[in-house]
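Peer 1:
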Amino acid sequence: MANDPLLQPFQLKHLSLKNRLMMTAHEPAYPEDGMPKELYRAYHVERAKAGLGLTMTAGSAAVAKDSPPVFNNILAYKDEVVPWMRELTDACHEHGTAVMIQLTHLGRRTRWDKGDWLPAVSPSHRREASHRAFPKQVEDWDIERLIKDYADAAERMHAAGLDGIELQAYGHLMDQFWSPLTNTLEGPYGGDLDNRLRFTFEVLRAIRQRVGEAFIVGVRYTGDEMLPGGLTASDGMDISRRLKDSGLVDFLNVVRGHIDTDPGLTDVIPIQGMPSAPHLDFAGEIRREVDFPTFHGAKIQDVATARYAIASGKVDMIGMTRAHMADPHIVRKIMEGREEEIRPCVGANYCLDRIYQGGAAYCIHNAATGRETTMPHTIPKAAQKRRVVIIGAGPAGLEAARVAGERGHAVVVLEAASDAGGQVRLTAQSERRREMMGIIDWRLARCEALGVEIRYNVWAEVEDVFAEKPDAVIVATGGYPLEDRPEVGHDLVVNTWDILSGHVPPGKQVLLFDDAGDHAAMQAAEIIAATGAQLEIMTPDRTFSAEIMAMNLVPYMRSLQRPNVTFTPTYRLKSVQRDDSELLAKITSDYLDLDHERRIDQVVVNYGITPMADIYFELKPHSRNGGEVNYEDLIVGRPQTVIRHAGDGFQLFRIGDAVASRNTHAAIYDALRLVKDL
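So the sequence shown is numbered by full-length UniProt numbering: it starts at 1 and just counts up by one.
Below, the structure is given as structure tokens:
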């Protein structure tokens, strides 16, 4: 592995980076009161321990009070950030990992009703679609204080001992000055490109006066907005040369596109079903033409692509950010020749979508990410080997089996189907979401390596469980679609699973009623719409697909915004009845007592799922704990010791959708936090 391009050092001015892998700046939304405290530090240190060359902290750390974060960002405008950033930096430095931070002013990419309720500010009054605030057009005195705010924040990071900073210039204030679409100022800060870049270079000069020449300073920017009237690729090349020639910048971090809309953001940071590394060649063109240290990261989710990016000379440092959320130990596994053990990023984008809805970033299939202070990435061996029976080989059951295997237990999994995967396998029937099978395939490989026995085509009965003489039984049987709705006519409808599995072909005139708001409905809609059928997607909610977050919704909209598809929010399916060769659907509303009708030939419904837990309730009276879980012990990480029935019976637990309908991450988290202490 000594000749691996990814493991070669890179010299950035005085800074020696030990390898070419980095996490690009991102905000996982773990700060407390705007400060990177224990969890934030533990998150970065976990990756540093595994050998990461550079960790770039804090996407969009705010430099000013009128740049209030719209999610939980680091507040770089506060002096109290210095000791917290120093602790994080020192802890990463102990493992040889360089640390930088991204500083920014959001400009119009925020809301006026956040933070201190100050007006958003931008070089024009034009509203950003994503955050909807109409900004104040920047004045001369604003520019003076903003330059000082940037310099103050940079000085704080220098004082904290960081190796450098990166200024964010795509979609934020700095590039709002650059773009003709967002800068309506007249000179000296508006008009031609020289004027539009003036603010950036004044900020850079002010920063250099504070931090000196040795401190690393870079810019992450869009080299092409890909918008009519916006910055072009030619502009981006010109800006790149000017940044290099200024002598004020030490590296370029290149992206392509715009982030002012959900579709734009998703094209910059692609999700599953979209091309991998879509902007790598563009970044390579800039590096080749400008001949300057160039970083890049955008859906570089696998080691082979990252290795190619470096070996081909396209960039000097390659970002694998979401990949390191899925597996923080990528570098160590490369160094040890264990690439096949790397937990793959499946591009589900649960991490980013959660952030943009105001939550903390969690990986869909690594429940320890973002919980480093309570959940282990490396599972310790148990003091005593136990016999563990798991019923169900979906994501919850396989995670339970994996973790139990890592603990050193003897594990057998009983699965009713002929293949593992449960609902994930159903989801992956859609070509665009086939990467989801990585969640299952990785666990199957780990279970095989750990000696877990999986028996397929076994519908587990109580006697089957007893025959294994288990110490613990974990029911992970998942659920099945609710079949008793609508109350009148439920025998005339089909559910989304029927469409996804191909068991029922789409009709010609279809009403899809979605009362759950999850992926099943939208995936079924894609299948139906692709046939050319007339499709109406109806929901009682005020917005459709309430459980599908912003970036994941984008590909659905791109496939469903067609003439044969209509969307109808705030209406409810009341009943279905047969009327000659047609179906008559009665429609009402939660707002008014309505009596509308639809004449169609097929009604597809999505009411969510109900637990399939019969075996759990049959086993419950035979178990030592009666199925009870002590939540306090579960939360703090203590073993389960509940005894409800005297004797030598087994412990019994159920996890995932066998408890209640939630999502893949919840199922995996259920399994990890229960079984890690088993």
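Every residue, glycine too, gets a C-beta built ideally from N, C-alpha and C.
Predicted model only: the values in this text are computed from it and were never measured.
Rounded to whole angstroms, what's the CA-CA distance from threonine 588 to arginine 562? Just pull it up for me.
Peer 2: One C-alpha to the other measures close to 26 Å.
Peer 1: Taking the alpha-carbon positions, what's the alanine 524 to alanine 382 distance?
Peer 2: 44 Å
Peer 1: For leucine 197 and asparagine 349, what's the separation of their Cα atoms in angstroms?
Peer 2: 33 Å
Peer 1: Could you compute how far the alpha carbon of threonine 104 sits from the alpha carbon of alanine 420?
Peer 2: Spanning the alpha carbons of threonine 104 and alanine 420 requires a straight line of approximately 46 Å.
Peer 1: Nearest to valine 403 by alpha carbon, out of Leu426, Ala417, His377 and Ala64?
Peer 2: His377
Peer 1: Comparing alpha-carbon positions, which option in Met22, Ser501 and Asp595 lies nearest phenylalanine 295?
Peer 2: Met22
Peer 1: Pull the bridge partners of glutamine 11 from the DSSP assignment, please.
Peer 2: Ser16
Peer 1: CA-CA distance, threonine 97 and arginine 41?
Peer 2: 13 Å
Peer 1: Where does the unbroken alpha helix (DSSP H) through asparagine 552 begin, and where does it stop?
Peer 2: 550-560
Peer 1: Between the alpha carbons of glutamine 384 and arginine 485, how many angstroms are there, rounded?
Peer 2: The alpha-carbon atoms of glutamine 384 and arginine 485 are separated by roughly 48 Å.
Peer 1: Rounding to the nearest angstrom, what Cα-Cα distance links serine 559 and aspartate 677 in this structure?
Peer 2: 45 Å
Peer 1: Along the chain, where does the alpha helix (DSSP H) that runs through threonine 195 open and close?
Peer 2: It should be noted that the sequence gives asparagine, not threonine, for residue 195. Element bounds for asparagine 195: 193-211.
Peer 1: Ends of the beta strand (DSSP E) at phenylalanine 567?
Peer 2: 565-569
Peer 1: Closest to proline 380 by C-alpha separation, out of Ala61, Arg407 and Asp175, would be which residue?
Peer 2: Arg407
Peer 1: Hey, is the stretch 492-512 in contact with the stretch 596-608, meaning 3+ C-beta pairs nearer than 8 Å?
Peer 2: yes
Peer 1: What's the C-alpha gap between alanine 445 and glycine 370?
Peer 2: 24 Å
Peer 1: Go to glutamine 102, then tell me how far its beta strand (DSSP E) extends in each direction, as first and last residue.
Peer 2: 98-104
Peer 1: Decide if glycine 218 is buried, meaning its Cβ has at least 16 other Cβ atoms within 10 Å, or exposed.
Peer 2: Residue burial is scored here from C-beta neighbours: glycine 218 has at least 16 other C-beta atoms within 10 angstroms and is therefore classed as buried.
Peer 1: Pick out whichever of Ser179, Val268 and Ala298 has its Cα sitting closest to the Cα of alanine 277.
Peer 2: Ala298
Peer 1: Measuring CA to CA, which of Ala521, His596 and Asp316 is closest to leucine 12?
Peer 2: Asp316
Peer 1: Please report the straight-line C-alpha distance between alanine 306 and glycine 319, rounded to a whole angstrom.
Peer 2: Using only the alpha carbons, I get a separation of about 8 Å.
Peer 1: Which same chain residues, not among the five before or five after arginine 455, have their C-beta less than 6 Å away from its C-beta?
Peer 2: Leu414
Peer 1: Determine the extent of the alpha helix (DSSP H) in which valine 82 is found, giving its start and end residues.
Peer 2: 81-93
Peer 1: Starting from proline 31, follow the beta strand (DSSP E) in both directions and report where the run begins and ends.
Peer 2: Where proline 31 is concerned, there is no enclosing beta strand (DSSP E), given that its DSSP letter is neither H nor E.
Peer 1: Ordered along the chain, which non-local residues of its own chain (more than five positions away) have a Cβ less than 8 Å from that of isoleucine 300?
Peer 2: Ser276, Ala277, Leu280, Ala306, Ala309, Ile318, Gly319, Met320 and Ala323
Peer 1: When you compare only the Cα positions, how much space is there between glutamate 399 and alanine 671?
Peer 2: 6 Å
Peer 1: Within the continuous beta strand (DSSP E) that includes glycine 431, where are the two ends?
Peer 2: Here residue 431 turns out to be glutamate, not glycine, going by the sequence shown. That residue, glutamate 431, is in no beta strand (DSSP E); it is neither H nor E in DSSP.
Peer 1: Considering only residues of the same chain and omitting the five flanking positions on each side of leucine 674, which have a CB-CB separation below 8 Å?
Peer 2: Ala400, Ile474, Val629, Leu634, Gln640, Phe653 and Ile655
Peer 1: From glutamine 357 to alanine 62, what distance separates their C-alpha atoms?
Peer 2: 18 Å
Peer 1: Along the chain, where does the alpha helix (DSSP H) that runs through glutamate 139 open and close?
Peer 2: Segment: none, glutamate 139 is in no alpha helix (DSSP H) and carries neither H nor E.
Peer 1: What residues are listed by DSSP as bridge partners for serine 122?
Peer 2: Gln137
Peer 1: Counting along the chain, where does the alpha helix (DSSP H) carrying tyrosine 40 start and finish?
Peer 2: Segment 38-49, the alpha helix (DSSP H) holding tyrosine 40.
Peer 1: Between which two residues does the beta strand (DSSP E) carrying isoleucine 74 extend?
Peer 2: Per DSSP, isoleucine 74 belongs to no beta strand (DSSP E) and is neither H nor E.
Peer 1: Since isoleucine 165 and isoleucine 101 should fall inside the 8 Å C-beta cutoff, what is the C-beta to C-beta distance between them, to a whole number of angstroms?
Peer 2: 6 Å
Peer 1: At what residues does the beta strand (DSSP E) containing glutamate 536 begin and finish?
Peer 2: 534-539
Peer 1: What are the partner residues of threonine 588, as DSSP defines its beta bridges?
Peer 2: Arg572
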